[in-house]
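**Student:** Quick one: the structure is below, and I'll ask about it shortly.
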Amino acid sequence: MVGTRWENATMTSTYDVLLGRLQSAFDAVFEGTDPVLRPSDRGDYQANGIMALAKSQGVAPRDMAQRVLAHLDLAGIAEVEVAGPGFLNLTLTPGFLDDRLRALLGDERLGVDSMPERTAVIDYSAPNVAKEMHVGHLRSTVIGDALARIYRFRGYRVVARSHVGDWGTPFGMLIEHLVDLGEATAMAALSIGDLDGFYRAARVKFESDETFRERSRQRVVALQGGDPETRRLWQILVDESVAYFAEVYAALDVTLTTADVVGESYYNDMLDDVVTDLAAAGLLVESGGALCVFPEGFTNRDGEPLPLIVKKRDEGFGYAATDLAAIRDRVDHLHADELLYVVGAPQSQHFEMVFAVARAARWLPASVRCEHVAFGNVLGPDRKMFKTRSGETVKLIDLLDEATQRAAAALAQRSHDLSSEERHHLATQIARAAIKYADLSNDRQRDYVFDLDRMIAFEGDTGPYLQYAHARLRSIFRRSNAPWDPGAATFVLGADAERDLARALIAFPEAVDAAMATLHPHRLSGYLFDLAQRLTTFYEACPVLSAAEPSRTERLALCELTARTLRLGLSLLGIEAPEQM
RNA sequence: GCCCUCGUAGCUCAGGGGAUAGAGCAUUGGCCUCCGAAGCCAUGUGCGCAGGUUCGAAUCCUGCCGGGGGCACCA
């Protein structure tokens with residue numbers, strides 16, 4: 001068996017092993033036929049490609065099945081059975097399962113292979129300077145971070161970019177407000193995270209005080225003109241805000257660092273070149289006083305060509321210019337092979353247009369994958385945008401605190417011998433899991449209803465449930481006093497619950513693949529929940545520590561693999577797996 | 001008006017053209033002298049409507065109905 005594909009250091013997933021063999025057999029009958037391989041509960045996988053091929057060749061499906069089977073070599077891997085109108089049901093052999101599981105025991109990566117090194121720039125989170133991080137930033141931050149973790153694990157060089165709003169006309173009033181307050185007072189207010197209060201106060205003055213308004217306008221001019229003192233004051237706002245964002249990221253256990261926070265202003269010096277080069281490429285058109293590009297295929301409500309405004313009538317740059325500059329920077333200087341933008345769905349047309357222009361300008365080679373990873377809204381129980389009862393946006397940090405308190409209260413009722421400090425830390429881990437998992441277990445493209453009660457209820461399809469499943473497993477190893485030798489494990493899988501669990505364990509790489517290929521983390525969370533359910537079923541049906549050898553070692557090995565799979569899978573979603581809870 | 005997106009069980013959601021459409025919650029009923037009951041087992045109901053493509057459609061296409069979003073200088 002040594003040297004077979006599935007025993008290589010970089011393991012090929014079971015799906016890919018089967019697909020390779022099937023593809024050869026189908027190709028032998030008719031080149032280029034898709035075997036249509038799917039996971040199945042009839043056997044372990046099913047290949048559905050026979051029917052289509054039989055139809056196109058005018059052959060009876062059953063006869064076609066025989067032709068393909070004549071070329072199909074799955075010896076030692078799976079048993080094949082022709083069923084129904086021509087399905088090929090594949091059942092993995094005991095020997096294959098045993099080989100796989102033993103290989104997983106010795107594989108830190110649990111069968112997930114590393115890809116050739118590529119660079120991905122993932123744009124996510126993107127709060128605004130001098131504005132609170134609220135639920136509107138939750139999805140971008142959580143989804144983007146999960147994708148970043150998955151990509152890193154697959155061997156990518158990931159450059160994270162939190163494209164914060166740190167430029168534009170509001171900064172005139174914000175800086176003037178800072179001047180009014182005095183730097184020390186302003187910094188104090190910002191450093192405790194009262195960003196919204198600061199912003200609101202500036203806004204109120206701007207709307208009610210003509211003098212202040214005029215000062216603000218002049219301040220914008222000074223800022224854009226590079227006045228050193230103005231830039232210094234602006235930098236205070238940025239630095240204080242970024243420091244605060246870093247606190248929120250840490251509280252959420254998000255991997256973004258201050259180095260990843262690269263605001264819009266970073267691209268300011270590149271904007272003139274964007275305009276110059278678009279003009280040189282013959283793409284720039286003046287329209288209504290603005291400099292625009294009209295990418296093909298976009299129309300406005302009157303059916304006329306829709307412009308991407310690069311430079312506004314007032315000489316200011318539109319945000320499209322910044323996005324275009326960022327693409328150039330990320331392709332040319334960061335050497336990105338992939339660009340991902342984890343930004344809300346309402347921006348989809350904007351990104352389509354920006355990408356189209358970047359392609360047309362040849363700034364975005366065909367070899368670079370560029371995608372808008374769009375997501376839906378977070379809704380409240382009333383199915384409208386999630387707000388507090390009084391109609392305010394909900395601060396992320398408040399949300400986390402609320403969840404932490406509830407988790408701590410639940411822990412307190414379980415009579416643990418935890419110190420209050422340990423309990424608080426654990427409550428934090430559970431709260432983060434609850435909030436992140438709730439987000440990551442929904443299809444990101446759809447809106448979802450935010451319901452803290454449900455996500456932290458610790459019952460059902462929740463983050464805490466997965467953490468609990470992991471903690472139970474770790475508990476087994478804590479209680480096991482007799483040593484065990486993983487290398488001695490042989491997987492007989494005599495009980496249905498054992499085999500069902502084993503099937504899921506070897507499918508972990510497929511789940512990671514699916515999440516990454518589709519940029520849908522919920523493919524992974526769905527897998528993990530399924531795994532946890534199989535585990536608890538196994539756990540009820542199969543005693544571990546009290547089992548006689550060799551079953552005890554086999555079951556301990558299944559527990560070990562499941563615990564590691566849960567821990568690794570959760571970590572790829574940015575969720576911790578405590579040892580006990 | 002055009003474009004995008006969504007419509008699956010009472011509620012919240014999965015379903016990569018395949019066989020009897022699945023979870024969780026809620027309901028009802030079982031299971032802790034036994035490795036953690038935050039658990040397990042059992043329990044009823046459903047693909048918005050109408051066409052089409054296909055051997056086969058919740059899935060792809062068209063139309064309609066309904067929700068959400070976008071459509072020139074805010075980012």
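Just so we're aligned, residue 1 is where the first sequence starts under the numbering used here, counting upward by one. Built from N, CA and C at the ideal position, the CB exists for glycine as well. Keep in mind the model is a prediction, meaning the values are calculated, not measured.
(1) Quick one: what does DSSP say SER571 is sitting in, helix, strand or coil?
(2) Write down the C-beta distance between LEU466 and LEU570 rounded to the nearest angstrom, noting that I regard them as a contact closer than 8 Å.
(3) Name the residue from LEU22, THR169, VAL68 and ARG215 whose alpha carbon lies nearest to the alpha carbon of GLY316.
(4) Would you check if there are 3 or more beta carbon pairs closer than 8 Å linking the region 467-479 to the region 396-412?
(5) Figure out for me which residue from GLY197, TYR319 and ALA497 has the closest Cα to the Cα of PHE351.
(6) Would ILE506 and ARG100 qualify as a contact pair, given that the criterion is a beta-carbon distance under 8 Å?
(7) Should LEU411 and ARG423 be called a contact, given that it needs their Cβ atoms to be closer than 8 Å?
(8) Can you tell me where the alpha helix (DSSP H) with LEU181 in it begins and where it stops?
(9) What do you reckon, are the CB atoms on VAL129 and GLY263 nearer than 8 Å?
(10) Among GLU549, VAL80, ARG444 and GLY463, which one has its Cα closest to the Cα of LEU92?
(11) List the whole-angstrom C-beta distance separating ALA514 from CYS542, where the pair is believed to meet the contact cut-off of C-beta under 8 Å.
(12) Quick check: the Cα distance between ASP323 and LEU493, rounded to an integer number of angstroms?
(13) Please give the ranges of any alpha helix (DSSP H) in the region 259-339, keeping only runs that are unbroken, at least 4 residues long and fully inside the region.
(14) Identify the continuous alpha helix (DSSP H) that holds GLN57 and give its terminal residues.
(15) Tell me where the beta strand (DSSP E) around GLU79 begins and ends.
(16) Within 10 angstroms of its Cβ, does PRO521 collect 16 or more other Cβ (buried), or is it exposed?
(17) As a quick exercise: from ASP253, GLY32, ARG161 and GLU207, pick the residue whose alpha carbon is nearest that of ILE122.
(18) To the nearest angstrom, report how far apart THR257 and ALA532 are at their CA atoms.
(19) Would you mind working out which of ALA345, ALA433, ARG157 and PHE171 sits nearest HIS335, comparing C-alpha positions?
(20) Taking the straight line between their C-alpha atoms, what separation do you get for GLU7 and ALA103?
(21) DSSP three-state label for LYS384, please.
(22) Where ARG555 and ALA78 are concerned, what is the direct C-alpha to C-alpha distance, given to the nearest angstrom?
(23) Over the uninterrupted alpha helix (DSSP H) stretch that includes GLY404, give me the two end residues.
(24) What does GLY344 pair with, by DSSP beta-bridge criteria?
(25) For LYS395, which option in SER114, VAL135 and MET11 has the closest C-alpha, if you only look at C-alpha atoms?
(26) So ILE430 is in the alpha helix (DSSP H); what residue range does that whole segment cover?
(27) Please tell me whether PRO381 and VAL449 are closer than 8 Å, where the distance is taken between their beta carbons.
(28) At what residues does the beta strand (DSSP E) containing VAL135 begin and finish?
(29) Name, in chain order, the residues that DSSP records as bridge partners for ASN128.
(30) Going by the beta-carbon positions, is the gap between ASP194 and VAL238 smaller than 8 Å?
**Tutor:** Inspection of the coordinates gives the following:
(1) As a working mapping, residue 571 is identified with position 571 in the first sequence. If DSSP states are grouped into helix, strand and coil, SER571 belongs with the helices.
(2) The count along the first sequence starts at 1 and reaches residue 466 at position 466. The count along the first sequence starts at 1 and reaches residue 570 at position 570. Indeed they touch by this definition, with Cβ atoms about 6 Å apart.
(3) As a first step, residue 316 must be located in the first sequence, where it is residue number 316. Ranking the options by Cα distance to GLY316, first place goes to THR169.
(4) no
(5) Position 351 of the first sequence, counting from 1, holds the residue named residue 351. When each option's Cα is compared against that of PHE351, the closest is TYR319.
(6) Translated into positions along the first sequence, residue 506 becomes position 506. Translated into positions along the first sequence, residue 100 becomes position 100. Taking 8 Å as the Cβ cut-off, ILE506 and ARG100 qualify as a contacting pair.
(7) Here residue 411 corresponds to residue number 411 of the first sequence, with the count starting at 1. Here residue 423 corresponds to residue number 423 of the first sequence, with the count starting at 1. Yes, Cβ-Cβ distance for LEU411 and ARG423 is below 8 Å.
(8) What you label residue 181 is simply residue 181 of the first sequence in a count that begins at 1. Residues 170-181.
(9) As a first step, residue 129 must be located in the first sequence, where it is residue number 129. As a first step, residue 263 must be located in the first sequence, where it is residue number 263. Closer than 8 Å, so yes.
(10) Translated into the one-based positions of the first sequence, residue 92 becomes position 92. Taking only the C-alpha atoms, the option nearest LEU92 is VAL80.
(11) Locating residue 514 in the first sequence gives position 514, where the first residue counts as 1. Locating residue 542 in the first sequence gives position 542, where the first residue counts as 1. Not confirmed; about 29 Å, so no contact.
(12) Translated into the one-based positions of the first sequence, residue 323 becomes position 323. Translated into the one-based positions of the first sequence, residue 493 becomes position 493. The straight-line gap from Cα to Cα measures roughly 55 Å.
(13) 271-280 and 319-328
(14) The residue labelled residue 57 in the question sits at position 57 within the first sequence. Start and end: 49-57.
(15) For the purposes of this step, residue 79 is identified with residue 79 of the first sequence, where counting begins at 1. That run of the beta strand (DSSP E) goes 78-83.
(16) Locating residue 521 in the first sequence gives position 521, where the first residue counts as 1. Counting Cβ neighbours within 10 Å, PRO521 comes out buried, since at least 16 surround it.
(17) Within the first sequence, numbered from 1, the residue matching residue 122 stands at position 122. Nearest option by C-alpha distance: ARG161.
(18) Counted from its first residue, the first sequence places residue 257 at position 257. Counted from its first residue, the first sequence places residue 532 at position 532. Using only the alpha carbons, I get a separation of about 32 Å.
(19) If you number the first sequence from 1, residue 335 lands on position 335. Checking every option, the nearest Cα to that of HIS335 belongs to ARG157.
(20) Taking the first sequence and counting its residues from 1, one reaches residue 7 at position 7. Taking the first sequence and counting its residues from 1, one reaches residue 103 at position 103. Summary for GLU7: the model assigns pLDDT 39, below 50, so the residue's position carries little reliability, and this model does not support an answer.
(21) Working through the first sequence from its first residue, we reach residue 384 at position 384. Note: LYS384 maps to coil in three-state DSSP.
(22) Working through the first sequence from its first residue, we reach residue 555 at position 555. Working through the first sequence from its first residue, we reach residue 78 at position 78. Near 23 Å, if we compare the C-alpha coordinates of ALA78 and ARG555.
(23) Along the first sequence, read from residue 1 onward, the residue named residue 404 stands at position 404. It is Thr, not Gly, that sits at residue 404 in the sequence shown. Its alpha helix (DSSP H) spans residues 396-412.
(24) The residue given as residue 344 occupies position 344 in the first sequence. DSSP, once it has assigned bridges, lists PHE375 as partnering GLY344.
(25) Here residue 395 corresponds to residue number 395 of the first sequence, with the count starting at 1. The option with the nearest alpha carbon to LYS395 is VAL135.
(26) Taking the first sequence and counting its residues from 1, one reaches residue 430 at position 430. 420-440 is the extent of the alpha helix (DSSP H) around ILE430.
(27) Taking the first sequence and counting its residues from 1, one reaches residue 381 at position 381. Taking the first sequence and counting its residues from 1, one reaches residue 449 at position 449. Yes, the Cβ-Cβ distance between PRO381 and VAL449 is below 8 Å.
(28) Within the first sequence, numbered from 1, the residue matching residue 135 stands at position 135. That residue, VAL135, is in no beta strand (DSSP E); it is neither H nor E in DSSP.
(29) Translated into positions along the first sequence, residue 128 becomes position 128. DSSP lists GLY165 as partners of ASN128.
(30) The sequence position of residue 194 within the first sequence is 194, counting from 1. The sequence position of residue 238 within the first sequence is 238, counting from 1. Cβ atoms of ASP194 and VAL238: not closer than 8 Å.
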